[in-house]
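Asker:
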Amino acid sequence: MKPDHGPWGALLQDWLVLPPPEDGGAAPHFVDYAGLKASAQGRAALAAYIDSLAAIDPALLSRDEQFAFWVNLYNALTVQVVVEHYPVASIRDISISPGLFARGPWGRKLVRVAGRDLSLDDIEHGILRPDFGDPRVHYAVNCASWSCPDLATEPYEAATLDTMLDTAARRYINSPRGVDIRGGRLTVSSIFNWYRKDFGGTEAGVLAELRKYAGPELADALAGATRVSSYDYDWTLNDAARLETMK
Numbered sequence: 074m075k076p077d078h079g080p081w082g083a084l085l086q087d088w089l090v091l092p093p094p095e096d097g098g099a100a101p102h103f104v105d106y107a108g109l110k111a112s113a114q115g116r117a118a119l120a121a122y123i124d125s126l127a128a129i130d131p132a133l134l135s136r137d138e139q140f141a142f143w144v145n146l147y148n149a150l151t152v153q154v155v156v157e158h159y160p161v162a163s164i165r166d167i168s169i170s171p172g173l174f175a176r177g178p179w180g181r182k183l184v185r186v187a188g189r190d191l192s193l194d195d196i197e198h199g200i201l202r203p204d205f206g207d208p209r210v211h212y213a214v215n216c217a218s219w220s221c222p223d224l225a226t227e228p229y230e231a232a233t234l235d236t237m238l239d240t241a242a243r244r245y246i247n248s249p250r251g252v253d254i255r256g257g258r259l260t261v262s263s264i265f266n267w268y269r270k271d272f273g274g275t276e277a278g279v280l281a282e283l284r285k286y287a288g289p290e291l292a293d294a295l296a297g298a299t300r301v302s303s304y305d306y307d308w309t310l311n312d313a314a315r316l317e318t319m320k
């Protein structure tokens with residue numbers, strides 16, 4: 074059985090809120106968590122979509138179908154867990170992971186797929202990163218935070234996977250949430266520090282990754298860069314309610 078990601082696309086259409094175009098990527102794609110929480114129909118549709126994926130054995134899918142399957146499941150679970158605990162200022166405030174000092178929801182088993190109980194950490198770090206070896210996964214999975222790469226406006230699909238991953242990489246790296254250069258100082262997202270191993274394991278590898286997806290303006294700014302000055306990350310929730318404060 075092939076997964077049907079259409080219901081996820083409908084949910085994104087209904088509950089994803091984009092910042093104004095003139096924002097230039099400074100703000101992320103927002104989610105109307107309050108609206109979704111208040112909508113019994115929306116919450117039921119999200120749960121049904123997750124259940125539909127949980128009923129599939131991804132091992133029977135093609136490699137690209139598997140990648141899309143896991144990314145969409147990860148993102149849908151993230152939205153679901155935030156909605157269940159909303160209102161929160163940050164996903165890290167959802168302290169449901171096992172362990173005395175654990176923060177966030179990433180360690181909690183949230184779904185059972187092909188006989189395995191899986192957490193968000195299991196999906197990202199136990200499946201997507203090691204099994205596929207594609208650093209672009211870091212531009213596809215969404216952690217519901219300001220500094221995270223955008224939650225895509227449509228589901229990932231096998232037929233368009235490479236195009237969507239490249240688009241996500243370019244959008245993030247060319248936004249100030251991914252790369253910010255001020256006064257000659259290069260500040261990049263902490264994603265490139267936390268997962269440096271996936272970007273070649275060195276700062277030179279990180280710089281090569283940035284240059285690979287940089288647009289003309291950023292490419293010029295990076296031309297003479299030899300080091301990253303600092304890494305930064307804003308864990309504030311990508312909550313559509315924040316749009317009111319931006320007006």
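Okay, so the sequence shown: first residue is 74 according to the working numbering, each after it adds one.
Don't be surprised by glycine CBs; every beta carbon is placed ideally from N, CA and C.
This structure is a prediction, so every number in the text was calculated from the model and none was measured.
On the DSSP letters alone, give me the boundaries of the alpha helix (DSSP H) that residue 152 sits inside.
Answerer: Segment 136 to 158, the alpha helix (DSSP H) holding residue 152.
Asker: Within this structure, are the beta carbons of residue 194 and residue 180 separated by less than 8 Å?
Answerer: Their beta carbons are under 8 Å apart, which means residue 194 touches residue 180 by this criterion.
Asker: Give me the Cα-Cα distance between residue 109 and residue 118, rounded to the nearest whole angstrom.
Answerer: Using only the alpha carbons, I get a separation of about 10 Å.
Asker: To the nearest angstrom, how far is the alpha carbon of residue 234 from that of residue 225?
Answerer: Rounded to the nearest angstrom, the two C-alpha atoms are 12 Å apart.
Asker: Determine, using beta carbons only, whether residue 271 and residue 260 come nearer to each other than 8 Å.
Answerer: Going by C-beta atoms, residue 271 is not nearer than 8 Å to residue 260.
Asker: Since residue 254 sits in a beta bridge, which residues does DSSP pair it with?
Answerer: BP columns for residue 254 point to 259.
Asker: Is there contact here, the region 127 to 139 with the region 206 to 221, by at least three beta-carbon pairs under 8 Å?
Answerer: No: the two stretches stay apart, fewer than three of their Cβ pairs being nearer than 8 Å.
Asker: Looking only at its chain, what residues have a beta carbon closer than 6 Å to the beta carbon of residue 143, apart from the 5 residues adjacent to it on each side?
Answerer: Excluding residues within five positions, the ones whose Cβ falls inside 6 Å are 196, 200 and 201.
Asker: Does the pairing of the region 90 to 106 with the region 120 to 127 give three or more beta-carbon distances under 8 Å?
Answerer: The region 90 to 106 vs the region 120 to 127: no contact.
Asker: For residue 93 and residue 311, what's the separation of their Cα atoms in angstroms?
Answerer: Each residue's alpha carbon lies about 15 Å from the other.
Asker: Which residues in the same chain have their Cβ closer than 8 Å to the Cβ of residue 302, if we skip the five residues on either side of it in sequence?
Answerer: Answer for residue 302: 258, 259 and 260, listed in chain order.
Asker: Please work out which residues of its chain come closer than 7 Å, Cβ to Cβ, to residue 81, disregarding the five sequence neighbours upstream and downstream, and give them in chain order.
Answerer: Answer for residue 81: 122, 145, 149 and 228, listed in chain order.
Asker: Which residues mark the beginning and the end of the beta strand (DSSP E) in which residue 41 is found?
Answerer: Outside the displayed range of the chain (74 to 320) lies residue 41, so it cannot be described from this structure.
Asker: Taking the alpha-carbon of residue 88 as reference, which of 203, 140 and 156 has the nearest alpha-carbon?
Answerer: Residue 88 has its Cα closest to that of 156, out of 203, 140 and 156.
Asker: Along the alpha helix (DSSP H) that carries residue 87, what are the first and last residues, could you check?
Answerer: From DSSP, the alpha helix (DSSP H) with residue 87 extends over 79 to 88.
Asker: Tell whether a beta-carbon distance below 8 Å holds between residue 160 and residue 167.
Answerer: Not a contact, by the Cβ cut-off of 8 Å.
Asker: In whole angstroms, give me the CA-to-CA distance for residue 221 and residue 101.
Answerer: Taking the straight line from one Cα to the other gives about 7 Å.
Asker: Return the bridge partner residues of residue 185 from the DSSP annotation.
Answerer: Paired residues: 190.
Asker: What's the gap between the Cα of residue 223 and the Cα of residue 277?
Answerer: When rounded, the distance between both Cα atoms is 25 Å.
Asker: Helix, strand or coil, according to DSSP, for residue 174 in the structure here?
Answerer: Of the three classes helix, strand and coil, the one that applies to residue 174 here is coil, per DSSP.
Asker: State the DSSP-derived secondary structure class of residue 125, mapped to helix, strand or coil.
Answerer: It is helical.
Asker: Candidates 90, 75 and 86: which alpha carbon is nearest residue 313's?
Answerer: Of the listed residues, the one whose Cα sits closest to residue 313 is 90.
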